[in-house]
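S.K.:
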RNA sequence: GCUGCCAUCGUCUAGCGGUUUAGGACAUCGCCCUCUCAAGGCGGAGAUCACGGGUUCAAAUCCCGUUGGCAGCGCCA
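Residue numbers (this note's numbering): 537 to 1030.
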């Protein structure tokens, strides 16, 4: 099939979910792999729940993730606006086909109230039958319709669903699935307010937009027979369908707020890289034969295929995402991480966190902590001591290392000696400093650790941190000695 | 309730009838490296392939059933 055209069609009624992003991603990957087009269509026909904010969230998330779409209603040169169904409704795109079906006798107005329909369904369910609208308005005469309308009743338009035979779906992922037509009811295609319903607008747009493949969540599979019926009624050729497996939360239920972050943008706020999220999501429901885990987005595009999409649902695992994020960060240069970090500060309005920090020092500090960063948001806490005027001595570190009963005297000696001797040191490189520390240990007949640890705590205030001597080198002689003296004054001067 | 989908280590998965003592990854545990924390390296534990029947010389792989999970059943999308 040439000229593959696929779409992501979210409804703007809330945040963009992980599950939605996965669907968008697979559509995107498929289109790019086939050298086709990826389209974004906002399904905003639910006037009560669609919000502008939600549209913004979707658009921002898509852009952040790099899931750019290739087309829109306008002819903008660089960035397309997506399609909006309500805009298309205003252009009378859908009504035309509603009329068409009405004229062909394949649809009819229904005057039943929602309450009446609801009662029918409940009744059916009570009798262990599939809940259906019973089709009572199907055979209303023109006379009766006029009567209803004169009573001021409003109508919805229902589609006349064939009640016999089966509707067969040849799904690209799941194979052949058959649905008994007797289970379908005459569903609404246009609401009383003149807005088309999802199952209708979706078909009209997919056809008009020349979609070749519909990749969507498994939860849509039972909508498919209805949509197939519309295609048939209109005499249209169908796209191929492919239903993706669901993503569940750790408790086996569909992913929701209870499982932590559900909006993609929350992950951005946490300091995840878009490529980590992309890579992780690609692994849910898709795999390569060799079970490769780490991919660049280009590789994903290159290797993606529907044939290798799985059928069973998967559980979202935050731990693996976190690992992947660390992997992605580690694969970057300190310079790149710095720039990602600055973007993150701007995005989260946290620029204040590094006010007064020397950029160059920050970059080098990032280089020293390179392997440890799992989330961008961790960077400040990892390196802030480099920029502190007063060393913030973490109590635990001090007690454990400096004031420990057994090594207190040694720690004091090491610091006092170091303050003196380092002052005279000309070569302040990491190598030279390490040599100095080892020599001191040897001379005083103590263990190297007994020199290293007090120095680390005195200088940084903590027991953990970057390589001690690189840290000292980066701080410079003056600052190191200043800090050692702070520690001496604070803990050893009576 | 009805209908549909699904079922391999805790999790993501490889596997499409014999090459499997079921492979990889995350998590977990241990060891090594080491100035701490990481990262990295090595290794361990972890799956009677949901269960029960078939088909076959041979089944995780094919068929049927059971059970369980999930989804859908709107003038929501």
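Positions of the beta carbon are idealized from the N, C-alpha and C atoms, including for glycine. The structure presented is a predicted model; accordingly, all values stated were derived computationally and were not measured.
Can you find at least 3 beta carbon pairs, one from the stretch 697–709 and one from the stretch 833–853, that sit closer than 8 Å?
M.R.: Touching, per the Cβ criterion.
S.K.: Threshold first: 4 residues or longer. Then list the alpha helix (DSSP H) segments lying entirely within the stretch 741–797, N to C.
M.R.: With a minimum length of 4 residues, the continuous alpha helix (DSSP H) runs that stay inside the stretch 741–797 are 760–770.
S.K.: Going by other Cβ atoms of all chains shown within 10 Å of its Cβ, with 16 needed for buried, is residue 559 buried or exposed?
M.R.: With 16 or more other Cβ atoms within 10 Å, it is buried.
S.K.: Give me the Cα-Cα distance between residue 1001 and residue 968, rounded to the nearest whole angstrom.
M.R.: Their Cα atoms are separated by approximately 19 Å.
S.K.: Can you pull the DSSP bridge partners for residue 703?
M.R.: Note: residue 703 sits in a beta bridge opposite 715.
S.K.: Along the chain, where does the alpha helix (DSSP H) that runs through residue 575 open and close?
M.R.: Premise fails: residue 575 lies in the beta strand (DSSP E), 573–578, not in any alpha helix (DSSP H).
S.K.: For residue 819, which option in 806, 851, 615 and 644 has the closest C-alpha, if you only look at C-alpha atoms?
M.R.: Of 806, 851, 615 and 644, the residue nearest in Cα terms is 851.
S.K.: Mind pulling the alpha helix (DSSP H) runs of 4 or more residues that sit fully within the stretch 913–995?
M.R.: Here the runs fully enclosed are 915–919, 944–959 and 966–980.
S.K.: Are there 16 or more other CB atoms within 10 angstroms of the CB of residue 838, so buried, or fewer, so exposed?
M.R.: Counting Cβ neighbours within 10 Å, residue 838 comes out exposed, since fewer than 16 surround it.
S.K.: Using C-beta distances below 6 Å, list every residue in its chain close to residue 799, excluding the 5 sequence neighbours before and after it, in chain order.
M.R.: Only 551 meet the Cβ criterion.
S.K.: Three or more beta-carbon pairs under 8 Å between the stretch 661–673 and the stretch 615–628, yes or no?
M.R.: Contact fails: fewer than three Cβ-Cβ distances are below 8 Å.
S.K.: Starting from residue 1005, trace the beta strand (DSSP E) in both directions and tell me its first and last residue.
M.R.: Looking at the DSSP string, residue 1005 is not in any beta strand (DSSP E); the run it does join, the alpha helix (DSSP H), is 1004–1011.
S.K.: Using the Cβ count rule (16 or more neighbours within 10 Å means buried), how would you classify residue 986?
M.R.: Buried is the call here.
S.K.: Just checking, does the stretch 865–872 make contact with the stretch 902–912 on the three C-beta pairs under 8 Å criterion?
M.R.: Yes, the stretch 865–872 is in contact with the stretch 902–912.
S.K.: Using CA coordinates, which residue listed in 995, 1012 and 1005 is at the minimum distance from residue 1024?
M.R.: The shortest C-alpha separation from residue 1024 is found at 995.
S.K.: Is it true that the stretch 720–732 meets the stretch 691–706, where meeting means three or more beta-carbon pairs spaced less than 8 Å apart?
M.R.: Yes, they touch.
S.K.: Can you check DSSP and say which residues form a bridge with residue 643?
M.R.: In DSSP, residue 643 forms a bridge with 695.
S.K.: Which whole-angstrom value describes the C-beta separation of residue 888 and residue 933, a residue pair presumed to lie in contact below a C-beta threshold of 8 Å?
M.R.: With a Cβ gap of about 26 Å, residue 888 and residue 933 do not count as contacting.
S.K.: In the DSSP assignment, the beta strand (DSSP E) including residue 544 goes from what residue to what residue?
M.R.: Start and end: 541–544.
S.K.: Please state the DSSP three-state secondary structure of residue 816.
M.R.: In the structure shown, residue 816 sits in a helix (DSSP, three-state: H, G or I).
S.K.: Counting C-beta neighbours from all protein chains within 10 Å, is the total for residue 978 16 or more, i.e. buried, or is it exposed?
M.R.: Residue 978 should be labelled exposed.
S.K.: DSSP beta-bridge partners for residue 822?
M.R.: Answer by DSSP bridge pairing, in chain order: 845.
S.K.: Using three-state DSSP, classify residue 1022 as helix, strand or coil.
M.R.: Three-state result, residue 1022: helix.
S.K.: Quick one, are the C-beta atoms of residue 783 and residue 594 less than 8 Å apart?
M.R.: For residue 783 and residue 594, no; Cβs fall outside 8 Å.
S.K.: On a Cα-Cα basis, can you pick out the residue from 787, 622, 964 and 742 that is closest to residue 542?
M.R.: The shortest Cα separation from residue 542 among 787, 622, 964 and 742 belongs to 742.
S.K.: For residue 699 and residue 714, I'd like the C-alpha separation in whole angstroms.
M.R.: C-alpha separation (whole angstroms): 14 Å.
S.K.: Counting along the chain, where does the beta strand (DSSP E) carrying residue 724 start and finish?
M.R.: Run containing residue 724: 724–726, per the beta strand (DSSP E) assignment.
S.K.: For residue 808, name the three-state secondary structure that DSSP assigns.
M.R.: Residue 808: coil per DSSP, three-state reduction.
S.K.: Taking the Cβ atom as the reference point for each residue, do residue 697 and residue 723 lie within a distance shorter than 8 Å?
M.R.: Contact flag set, yes.
S.K.: In the DSSP assignment, find the unbroken alpha helix (DSSP H) run with residue 621 in it and report its ends.
M.R.: Residues 621–626.
S.K.: According to DSSP, is residue 488 part of a helix, a strand, or is it coil?
M.R.: Outside the shown range of the chain (537 to 1030) lies residue 488, about which nothing can therefore be said.
S.K.: Would you identify the three-state DSSP class for residue 799, choosing helix, strand or coil?
M.R.: Three-state result, residue 799: strand.
S.K.: Among the candidates 557, 644 and 878, whose CA atom is the shortest distance from the CA of residue 601?
M.R.: Checked all of 557, 644 and 878; the closest Cα to residue 601 is 557.
S.K.: Tell me whether the stretch 908–922 and the stretch 878–892 touch, counting them as touching only if at least three CB pairs, one residue from each stretch, are closer than 8 Å.
M.R.: Short answer: they touch.
S.K.: Mind checking whether residue 937 and residue 1016 have CB atoms under 8 Å apart?
M.R.: In this structure, residue 1016 does not lie closer than 8 Å to residue 937 by Cβ.
S.K.: Where DSSP assigns a beta bridge to residue 906, which residues make up the other side?
M.R.: None, per the DSSP bridge assignment.
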